[in-house]
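What follows is a single structure, written as structure tokens, with notes after it.
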Amino acid sequence: MEALIFFSYNHKNKQVMSGINYVTKETLDQMMNELTILKTKGRAEIARAISEAREKGDLKENAEYDAAKEAQGIHEAKIATLESAIATSRIVSADAIDTSKVSILCKVTITNTANKKTVTYQLVSETEADLKAGKISVTSPIGKGLLGKQVGDVAEVQAPNGVIKFKIDSISV
Numbered sequence: 656m657e658a659l660i661f662f663s664y665n666h667k668n669k670q671v672m673s674g675i676n677y678v679t680k681e682t683l684d685q686m687m688n689e690l691t692i693l694k695t696k697g698r699a700e701i702a703r704a705i706s707e708a709r710e711k712g713d714l715k716e717n718a719e720y721d722a723a724k725e726a727q728g729i730h731e732a733k734i735a736t737l738e739s740a741i742a743t744s745r746i747v748s749a750d751a752i753d754t755s756k757v758s759i760l761c762k763v764t765i766t767n768t769a770n771k772k773t774v775t776y777q778l779v780s781e782t783e784a785d786l787k788a789g790k791i792s793v794t795s796p797i798g799k800g801l802l803g804k805q806v807g808d809v810a811e812v813q814a815p816n817g818v819i820k821f822k823i824d825s826i827s828v
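To convert, take the position in the sequence shown, counting from 1, and add 655; that gives this note's numbering.
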């Protein structure tokens, strides 16, 4: 598995905190595909909307034109953000991940000490988090609680209903 490091990226309305963010090669490919679509189809659609609004007369009182120009500004900001994220990327291989302790991209099997329920999660960046797929963000309460722990350690996670304790059963890539 490979990962990508980049700085501050807003993906599908998920704001990523400034600093290093790790994503898989698959996510990099998705970002590049999204950029291509934004630059081609997206720009063409906005240009068409501006053109249609311009044909409707006086631009000073044309709400459609104002909306289309605002959409163009938002669209160009998305393109700039994606370009910046891709341009500042660095690739990291899975071989560099230390499985002696929990870190990003690790798969961690944990047991809730209260109810003895066992689950496996992969710790990922905010952009890749998907609970249904077993991927949790390193910035989530559970993710933060697990980071740096070793097999056999107990992680204490602050939840709305109190502290939950998880025993680390295994760590893998």
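Just so it is clear, CB atoms sit at the ideal spot from N, CA and C, and this is done for glycine as well. Quantities reported herein were computed from a predicted structural model and do not represent experimental measurements.
{"Asked": "What would DSSP say about residue 827, mapped onto helix, strand or coil?", "Found": "strand"}
{"Asked": "Hey, residue 819 and residue 757: beta-carbon distance below 8 Å or not?", "Found": "no"}
{"Asked": "So who's on the other strand from residue 787, going by DSSP bridges?", "Found": "None; residue 787 has no bridge partner."}
{"Asked": "Under 8 Å: do the segment 775-788 and the segment 724-735 share three or more Cβ pairs, one atom per stretch?", "Found": "no"}
{"Asked": "In angstroms with no decimal places, state the Cα-to-Cα distance between residue 790 and residue 685.", "Found": "17 Å"}
{"Asked": "Unbroken alpha helix (DSSP H) runs of length 4 or more, entirely within the segment 679-725: which are they?", "Found": "680-692 and 698-709"}
{"Asked": "If you count every other CB in all the chains shown that lies within 10 Å of the CB of residue 788, and 16 or more means buried, which is it?", "Found": "exposed"}
{"Asked": "How many whole angstroms separate the CB atoms of residue 823 and residue 807, which I take to be in contact at a CB cut-off of 8 Å?", "Found": "6 Å"}
{"Asked": "Cα separation between residue 658 and residue 708?", "Found": "Any answer about residue 658 is weak, because its pLDDT of 41 lies below 50 and its placement is not dependable; what the coordinates show is given next. Cα to Cα, the separation comes out at about 44 Å."}
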